[in-house]
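Each residue of the sequence shown is one higher than the one before, counting from 1 in the UniProt record's numbering.
Here the structure comes first, spelled out in structure tokens, and everything after it is commentary.
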Amino acid sequence: MDPDDDLGLFGPGSVSWRVHASPIMLVAGLRSLYLQALHPRAIAGVAQNSSYRADPMGRLGRTSEYVVTVLYGTTAQAEAAARRVRRRHAAMRATDPLTGEEFRLDDPELLRWVHVAEVESFLTTALRAGLPLTPAEADGYYAEQRRAAALIGLDPATVPGTVAEVADYYAEIRPELRITPDAASTFAFLSAPPIPTPGTSLLGGLPLRLLVNLGPPRLLYTGIAGLAVSLLPPWARRLYGLPGLPTTDLTAALSTRALNLALTQLPRRLYTSPHHKAALARAARLGIPTPA
1 MDPDDDLGLF GPGSVSWRVH ASPIMLVAGL RSLYLQALHP RAIAGVAQNS
51 SYRADPMGRL GRTSEYVVTV LYGTTAQAEA AARRVRRRHA AMRATDPLTG
101 EEFRLDDPEL LRWVHVAEVE SFLTTALRAG LPLTPAEADG YYAEQRRAAA
151 LIGLDPATVP GTVAEVADYY AEIRPELRIT PDAASTFAFL SAPPIPTPGT
201 SLLGGLPLRL LVNLGPPRLL YTGIAGLAVS LLPPWARRLY GLPGLPTTDL
251 TAALSTRALN LALTQLPRRL YTSPHHKAAL ARAARLGIPT PA
């Protein structure tokens with residue numbers, strides 16, 4: 001296939017392109033990290049194998065690069081990125097903090113948890129920001145994202161593919177989730193990490209120098225982190241010892257809409273990743289309309 005004709009795993013007509021078009025995805029990415037940390041083995045695997053404390057923005061940048069490559073890259077680019085991730089995971093081991101048992105980071109149960117927590121964070125944040133999706137389209141997003149799950153080695157049939165299936169999955173796995181020392185440490189770190197140097201790009205391509213220019217970076221980041229936490233499911237907030245009240249959900253939705261509205265007033269070139277720009281250019285050459 002001519003690379004100029006390859007719109008990747010999803011394409012302009014997908015729900016996935018609509019969900020990920022907004023710069024509010026930077027909040028969604030942070031929300032997913034808070035949520036993933038509640039799984040004892042998942043966070044132990046990160047703590048024992050990752051350099052996120054020494055280079056937090058570097059790790060976030062690499063994760064962001066992978067996400068946008070899978071979303072907007074050609075099929076070959078997405079598959080190549082996934083092969084690199086699978087090779088890294090296959091070589092990594094960690095020790096369960098509760099049982100002392102050694103486990104592999106490419107254990108399907110862990111991969112499924114990370115995948116579901118990530119895509120549910122993306123969809124929930126987009127909906128709270130005001131993206132108009134029908135229930136069928138919301139289900140369609142989860143079904144589409146099974147393609148991303150397959151790339152990392154999961155059987156798509158074992159991955160929740162609808163809103164109801166994601167809710168059932170959370171209900172099933174919640175007894176396994178808890179605050180461990182690694183989770184508490186990660187929560188504190190995510191809430192107040194070292195401020196990176198200007199020029200670093202966050203999820204979705206939004207340059208940090210732009211955030212710095214908007215005001216004191218620490219105060220701004222604290223607000224974004226607080227919003228990400230408030231967007232967590234009530235049961236997840238309660239696990240962190242925070243209020244799980246319905247009023248928090250309402251406040252989070254209003255704040256997310258306000259932030260999304262402010263960010264989308266910026267020129268799109270400031271928050272559109274290179275992979276997204278390349279995909280839009282390929283679609284334009286083919287005469288295929290793209291989401292506004």
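Don't be surprised by glycine CBs; every beta carbon is placed ideally from N, CA and C.
Owing to the predicted nature of the structure, the values given are computational and were not obtained by experimental measurement.
Problem - Straight-line gap, residue 263 to residue 172 (C-alpha atoms, nearest Å) - result: Cα to Cα, the separation comes out at about 36 Å.
Practice task
Assess, as a yes-or-no matter, whether the segment 21-30 is touched by the segment 85-95 under the definition of 3 or more beta carbon pairs within less than 8 Å.
Solution key: The segment 85-95 vs the segment 21-30: no contact.
Handout entry: When 131, 75, 15 and 23 are compared against residue 282, the one with the closest alpha-carbon
Key = If we check each option's Cα against that of residue 282, 75 comes out closest.
Problem - Strand pairing of residue 95, partner residues [DSSP] - result: Secondary-structure assignment with DSSP links residue 95 through a beta bridge to 102.
Exercise for the section: Just tell me which of 236, 120, 112 and 150 has its CA closest to the CA of residue 78. Expected result: Comparing Cα positions, the closest option is 150.
Problem - Whole-angstrom C-beta distance between residue 145 and residue 16, which should lie under 8 Å - result: Right, their Cβ atoms sit about 7 Å apart.
Practice task
Would you identify the three-state DSSP class for residue 223, choosing helix, strand or coil?
Solution key: Looking at residue 223 - three-state DSSP - the assignment turns out to be helix.
Problem - residue 175 burial status per 10 Å Cβ neighbour count (16 or more: buried) - result: Exposed, since its Cβ has fewer than 16 Cβ neighbours within 10 Å.
Problem - Those runs of the alpha helix (DSSP H) which lie wholly inside the segment 250-287 and span at least 4 residues - result: Along the length of the segment 250-287, whole alpha helix (DSSP H) runs at least 4 residues long occupy 274-285, reported in chain order.
Handout entry: chain B contact for residue 113 (CB, 8 Å cutoff)
Key = Absence of chain B from the displayed structure is noted, only one protein chain being present.
Practice task
To the nearest angstrom, report how far apart residue 118 and residue 95 are at their CA atoms.
Solution key: If you take the alpha carbons of residue 118 and residue 95, they lie about 23 Å apart.
Problem - Classification of residue 18 by the beta-carbon crowding that lies within 10 angstroms, buried from 16 upward - result: By the neighbour-count rule (16 or more Cβ atoms within 10 Å), residue 18 is buried.
Practice task
Evaluate residue 36 with the Cβ neighbour count: other Cβ atoms within 10 Å of its Cβ, from every protein chain shown; 16 or more gives buried, anything less gives exposed.
Solution key: By the neighbour-count criterion, in which 16 or more other beta carbons inside 10 Å mark a residue as buried, residue 36 falls on the buried side.
Practice task
Using the Cα positions of residue 177 and residue 22, report the straight-line distance between them to the nearest angstrom.
Solution key: Approximately 30 Å, taken between the alpha carbons.
Handout entry: Cβ-based neighbour list, residue 8, same chain, cut-off 7 Å, excluding 5 preceding and 5 following
Key = Only residues of its own chain outside the window of five on either side were considered, and among them 72, 73, 74, 75, 78 and 279 have a CB closer than 7 Å to the CB of residue 8, listed in chain order.
Practice task
Whole angstroms is fine: what's the gap from residue 90's alpha carbon to residue 106's?
Solution key: Rounded to the nearest whole angstrom, the C-alpha separation of residue 90 and residue 106 is 6 Å.
Handout entry: Inter-residue Cα distance where the pair is residue 186 and residue 223
Key = Looking at the two C-alpha atoms, the distance is approximately 17 Å.
Exercise for the section: May I have the straight-line CA-CA distance separating residue 49 from residue 93, to the nearest angstrom? Expected result: One C-alpha to the other measures close to 8 Å.
Exercise for the section: Determine the DSSP secondary structure at residue 24, reduced to helix, strand or coil. Expected result: Coil, per DSSP.
Handout entry: Beta-carbon spacing of residue 81, residue 66 below 8 Å
Key = Yes.
Practice task
Output the boundary residues of the alpha helix (DSSP H) element that contains residue 116.
Solution key: Run containing residue 116: 108-128, per the alpha helix (DSSP H) assignment.
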